[in-house]
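Okay, so here's the structure we're looking at.
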Amino acid sequence: MSTTSISHEQNLASQASPVYQLFGVADVAEPGRDHLAQVASGALAAIRVPELFTHEECERIMTTLATCPMGSYDEQRVQPRVPKLGPAIYDYYGESASGELPVSYWEHATQSEETRSGLLGGEDPLPIALSRIERIWGNPVRRAAVAGRTLFAGMIREINLGMKLHFDDVIREVPGLLDEMPMCQLAFNVHLAAPRSGGEANVYQRRWRVTDELPENRDTYGYDEKIVLGDARAVVRAEVGDATFFDSRNYHIVRPNTSDDRRVTMSFFMGLTASGEITVWS
Ligand SMILES: O=C(O)CCC(=O)C(=O)O
Ligand SMILES: [Fe+2]
1091 MSTTSISHEQ NLASQASPVY QLFGVADVAE PGRDHLAQVA SGALAAIRVP
1141 ELFTHEECER IMTTLATCPM GSYDEQRVQP RVPKLGPAIY DYYGESASGE
1191 LPVSYWEHAT QSEETRSGLL GGEDPLPIAL SRIERIWGNP VRRAAVAGRT
1241 LFAGMIREIN LGMKLHFDDV IREVPGLLDE MPMCQLAFNV HLAAPRSGGE
1291 ANVYQRRWRV TDELPENRDT YGYDEKIVLG DARAVVRAEV GDATFFDSRN
1341 YHIVRPNTSD DRRVTMSFFM GLTASGEITV WS
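As numbered in our numbering, residues 1091 to 1372 make up the sequence shown, in order.
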């Protein structure tokens, strides 16, 4: 466990040239491009934007969601089970190595798009999130594509039992799949329902390295927590309506929800492209 009390801005160098840790979590009520740039460049572990969605918007989505059946990630692969609405590229990794997504992805995408687009009292919460991110970024934010076809984005996910230590990096997981290669991948989660205790995301200052694939370091779809022992850790808590952004290529874990409340997010990845635009997908 990292219990360091070192200030992220403190010079930690034991030699003449200065070194700064720069792995804090910033709460930003009025976010701008620079905050996202700091996360993307590794100068911040995460940012939390309080109430990107209003409580009323979250409640309306949660009410409609109660009427929608949820699927889950492949339960052979992802345990404990994570209920979700909408396909993730991750669901099709094994089948997308050829640079295409299978027909079943597109079918699932079309169905889920219909459900998601009515979640906010008949309105679609995704374009609302995208326009709010666009305001922060100051450049277009649009959906990512594969062979010219728009990908699904805006998965609704309920992680009550936690998620194992893992990273998300589409260019490492399915090289060449996206039409436009992102230079950096951020995880976006807006919290539609938040637990009173537990459910924090922990982000580690640690990217994938090849020795992580040794069998003793793997834990089914995730990785053994011993690989991040000694790495700086940032704890990301969120309340209803808050949006969190972190570099998903850093290892992260979601701790179990220890309350009776639900932990529901609308989630997608954001790719920062060379043109300065952001593309999103789930
Ligand atoms: O729910 C969260 O806080 C993070 C989940 C996650 O693993 C991700 O968004 O990549
Ligand atoms: Fe993740």
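Every residue gets a Cβ at the ideal spot worked out from N, C-alpha and C, and that includes glycine.
Between residue 1113 and residue 1243, is the Cβ-Cβ spacing less than 8 Å?
no
Once the 5 residues before and after residue 1254 are set aside, which same chain residues still bring their CB inside 8 Å of it?
1309, 1310, 1311, 1312, 1313, 1343
Would residue 1199 and residue 1177 be called neighbours here (beta carbons separated by less than 8 Å)?
yes
Quick one: does the C-beta of residue 1280 sit closer than 7 Å to a heavy atom of ligand 1?
no
My assumption, with CB atoms under 8 Å, is that residue 1371 sits in contact with residue 1246. Please give the rounded CB distance.
With a Cβ gap of about 15 Å, residue 1371 and residue 1246 do not count as contacting.
Report the rounded CA-to-CA distance for residue 1146 versus residue 1116, giving the unit in angstroms.
Approximately 25 Å between the Cα atoms of the pair.
Residue 1175 - containing beta strand (DSSP E), residue span
1173-1175
Ranges of the beta strand (DSSP E) found wholly within the stretch 1207-1265, counting only runs of at least 3:
If we require 3 residues or more, the beta strand (DSSP E) runs fully inside the stretch 1207-1265 come out as 1231-1233, 1245-1248, 1253-1256.
Tell me whether residue 1310, by its Cβ, gets closer than 7 Å to a heavy atom of ligand 1.
no
Regarding residue 1277 and ligand 2, is the C-beta to nearest heavy atom distance less than 7 Å?
yes
Which term fits residue 1091, buried or exposed, when burial requires 16 or more other beta carbons within 10 angstroms of its beta carbon?
Because residue 1091 carries a pLDDT of 40, less than 50, the predicted location of this residue cannot be relied on, and the following value inherits that uncertainty. Residue 1091 should be labelled exposed.
Tell me whether residue 1131 sits in a helix, a strand or coil according to DSSP, three-state version.
helix
What are the boundary residues of the beta strand (DSSP E) that residue 1157 is part of?
Looking at the DSSP string, residue 1157 is not in any beta strand (DSSP E), and its letter there is neither H nor E.
Figure out for me which residue from 1217, 1275, 1283, 1120 has the closest Cα to the Cα of residue 1297.
It is 1275.
Could you name the residues of the same chain whose beta carbon sits closer than 6 Å to that of residue 1094, not counting the 5 residues immediately before and after it, in chain order?
Because residue 1094 sits at a pLDDT of 44, beneath the cut-off of 50, its placement in the model cannot be relied upon, and the following sentence gives the value as read from the coordinates. Cβ neighbours of residue 1094 beyond the five flanking positions: none.
Taking all protein chains shown into account, do 16 or more other C-beta atoms lie within 10 angstroms of the C-beta of residue 1272, making it buried, or fewer, making it exposed?
Under this definition residue 1272 is a buried residue.
Per DSSP, which residues does residue 1143 bridge with? Please list them.
Residue 1143 is not bridged to any residue.
Does DSSP put residue 1093 in a helix, a strand or coil?
Its pLDDT being 43, under 50, residue 1093 is placed unreliably by the model, and the measurement read from it follows with that caveat. Residue state, collapsed to three classes: coil.
Pick from 1230, 1261, 1212 that is closest to residue 1339, judged by C-alpha positions:
Nearest C-alpha to residue 1339 among 1230, 1261, 1212: 1261.
Proximity of residue 1307 and residue 1355 at Cβ, strictly below 8 Å
no
Could you tell me which residues DSSP pairs with residue 1148 in its beta bridges?
In the DSSP output, where bridge partners are listed per residue, residue 1148 has none listed.
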